[in-house]
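Shown next, in structure tokens, is the structure this report addresses.
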Amino acid sequence: MARMKFLCDAERCIECNGCVTACKNENEVPWGVNRRRVVTINDGVVGAEKSISVACMHCSDAPCMAVCPVDCFYRTDEGVVLHDKDLCIGCGYCFYACPFGAPQFPQAGAFGLRGKMDKCTFCAGGPEKDLSKEEFAKYGSNRLAQGKLPACAEMCSTKALLGGDGDVIADIYRQRVFKRGKGSEVWGWGTAYGKPDQPKAAPAGAKS
Amino acid sequence: MTTARRFVLAGAAVFFVAVGLSACGERDQVTVYKQGKYQGKPDTKPWENGPESSLYTTSQWDQGNKTSWEAAVKTRNLAQNEYNRVE
């Protein structure tokens, strides 16, 4: 297996925030923490509005791992970047280092006190006993240990957000691109879902 | 000054110089990032769990068999390709 990756197809994302909701529900993420969010550019401009779903991208050379002063990050065999909340000191260095704004810090008390970092786990839990209460409380659901993929990707209604083995989702995306129209004049449904096949010629004598 | 006294004075001087200079040393305060370096608790592999350990799942694999687990996840992964489902 290659590495677990996310891929968001900006031609298909309709900014429904279904992925955000699925993530919140699956992992019971508290208020103020958004492991995943949808970013939209050119909002309202016809043909130019694009949305993309963003979370931790589980970088191959993750800057959060590089800057962490307590070395609480690790990478699993599947390429998922996780961290140990028992070690995290909530310093926020990873937040400044991350180009995607993935690390989140829950408000831990009065006066905006910062808690331990929380981020997308690719629904892979963390360093606790798999599928235990402790793992769920600290890191959320461990769907990989159940043979599943992240809830956000599996819930995506338009299949804009793909998640899983990088090779597999690359193949899916490649097939999708081949079916698309080309050129700046093509946008919308045809770009997102591909051009419909040519209708078969009606048999002679058939009603139109 | 006797020879013994000189030895004692020289030894004392060396001792105090060594102790005094030891404070001038400085430990590296920048964490050197090394690939795979991790200070926390070990984590278990997802394929070490059997499918029966989860309440609801359609994936099937042999417990502890990485290849089997990867095949199960790949099957699930390919379900994200709707072209395969409608054609």
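Protein sequence lines correspond, in order, to chains A and B. Note that the numbering used here has the first sequence beginning at 1, numbered continuously upward. Note that the numbering used here has the second sequence beginning at 1001, numbered continuously upward. We put the CB at the ideal spot given by N, CA and C, even for glycine.
Using only alpha-carbon positions, find the residue among the options that is nearest to residue i.
i	options	result
residue 1061/B	145/A, 164/A, 161/A	145/A
residue 20/A	12/A, 33/A, 10/A, 9/A	33/A
residue 1040/B	9/A, 91/A, 85/A	85/A
residue 1077/B	193/A, 191/A, 179/A, 152/A	152/A
residue 60/A	54/A, 47/A, 79/A	79/A
residue 1089/B	68/A, 101/A, 131/A, 155/A	The question about residue 1089/B has no answer, for chain B in this structure spans 1001 to 1087.
residue 96/A	14/A, 37/A, 63/A, 161/A	63/A
residue 38/A	137/A, 102/A, 194/A, 121/A	102/A
residue 120/A	111/A, 47/A, 53/A, 9/A	53/A
residue 87/A	154/A, 106/A, 116/A	116/A
residue 70/A	94/A, 47/A, 55/A, 48/A	94/A
residue 104/A	46/A, 92/A, 161/A	92/A
residue 1044/B	1013/B, 1064/B, 1058/B, 1057/B	1064/B
residue 1047/B	1055/B, 1025/B, 1024/B, 1071/B	1071/B
residue 1066/B	1014/B, 1049/B, 1021/B, 1058/B	1049/B
residue 1053/B	168/A, 9/A, 131/A	131/A
residue 1075/B	107/A, 160/A, 8/A, 169/A	169/A
Let me know if residue i comes out buried or exposed under the rule of 16 or more other beta-carbons within 10 Å of its beta-carbon.
i	result
residue 89/A	exposed
residue 148/A	buried
residue 1073/B	buried
residue 5/A	buried
residue 176/A	buried
residue 135/A	buried
residue 31/A	exposed
residue 142/A	buried
residue 133/A	exposed
residue 73/A	buried
residue 26/A	buried
residue 1026/B	exposed
residue 45/A	exposed
residue 14/A	exposed
residue 113/A	exposed
residue 161/A	buried
Applying a beta-carbon distance threshold of less than 7 Å, which residues of chain B neighbour residue i?
i	result
residue 172/A	1080, 1081
residue 168/A	1074, 1077, 1078
residue 159/A	1080, 1082
residue 162/A	1080
Less than 7 Å between the CB of residue i and some heavy atom of the ligand MN, yes or no?
i	result
residue 19/A	No copy of the ligand MN occurs in the structure displayed, which carries no ligand at all.
Run down chain A in chain order and give the residues with a C-beta less than 7 Å from the C-beta of residue i.
i	result
residue 1005/B	Here the premise fails: no neighbours, minimum Cβ distance about 52 Å.
residue 1002/B	The premise fails here: residue 1002/B is roughly 56 Å from chain A at the closest Cβ pair, so nothing lies under 7 Å.
In its own chain, which residues sit with a C-beta less than 8 Å from the C-beta of residue i, not counting the 5 before and 5 after it?
i	result
residue 29/A	23, 35, 118, 140
residue 66/A	97
Report all residues from its chain with a CB closer than 6 Å to the CB of residue i; omit the five preceding and five following residues, and keep chain order.
i	result
residue 208/A	Its pLDDT being 49, under 50, residue 208/A is placed unreliably in this model, and the value from its coordinates should be taken loosely. Within the same chain, residue 208/A has no close Cβ partners at all.
residue 150/A	122, 123, 163
residue 127/A	84
residue 48/A	42
Given that residue i touches chain B, what residues does it touch there, using C-beta distances under 9 Å?
i	result
residue 20/A	Here the premise fails: no neighbours, minimum Cβ distance about 18 Å.
residue 138/A	Within chain B, no residue comes near residue 138/A; the closest Cβ sits about 11 Å away, beyond 9 Å.
residue 76/A	1043, 1045, 1046
residue 165/A	1070, 1073, 1074, 1077
Cβ closer than 8 Å: which chain B residues qualify as neighbours of residue i?
i	result
residue 73/A	1038
residue 116/A	Result: empty, since nearest Cβ-Cβ is about 12 Å, beyond 8 Å.
residue 126/A	1043
residue 153/A	1080
residue 86/A	1040, 1041
residue 82/A	1043
residue 175/A	1081, 1083
Residues in its own chain within less than 7 Å of residue i by CB, not counting five upstream and five downstream?
i	result
residue 76/A	82, 124
residue 157/A	16, 18
residue 1084/B	1078
residue 129/A	135
residue 41/A	50
residue 57/A	6, 100
residue 98/A	63, 64
Starting from residue i, find everything on chain A with Cβ-Cβ shorter than 9 Å and list it in chain order.
i	result
residue 1062/B	The premise fails here: residue 1062/B is roughly 11 Å from chain A at the closest Cβ pair, so nothing lies under 9 Å.
residue 1089/B	Residue 1089/B lies beyond the range of chain B shown here (1001 to 1087); nothing can be said about it.
residue 1053/B	130, 131, 145, 146
residue 1059/B	146, 147, 148
Jot down the residue ranges of each uninterrupted alpha helix (DSSP H) in the stretch 42–129 of chain A, minimum 4 residues, whole runs only, in chain order. With a minimum length of 4 residues, the continuous alpha helix (DSSP H) runs that stay inside the stretch 42–129 of chain A are 63–67, 93–97.
Can you list the alpha helix (DSSP H) stretches of 4 or more residues lying completely in the stretch 1033–1084 of chain B, in chain order? Runs of the alpha helix (DSSP H) inside the stretch 1033–1084 of chain B: 1066–1078.
Can you give, in chain order, each stretch of the alpha helix (DSSP H) that sits fully within the stretch 144–180 of chain A and has at least 4 residues? Within the stretch 144–180 of chain A, the complete alpha helix (DSSP H) runs of at least 4 residues are 151–155, 166–179.
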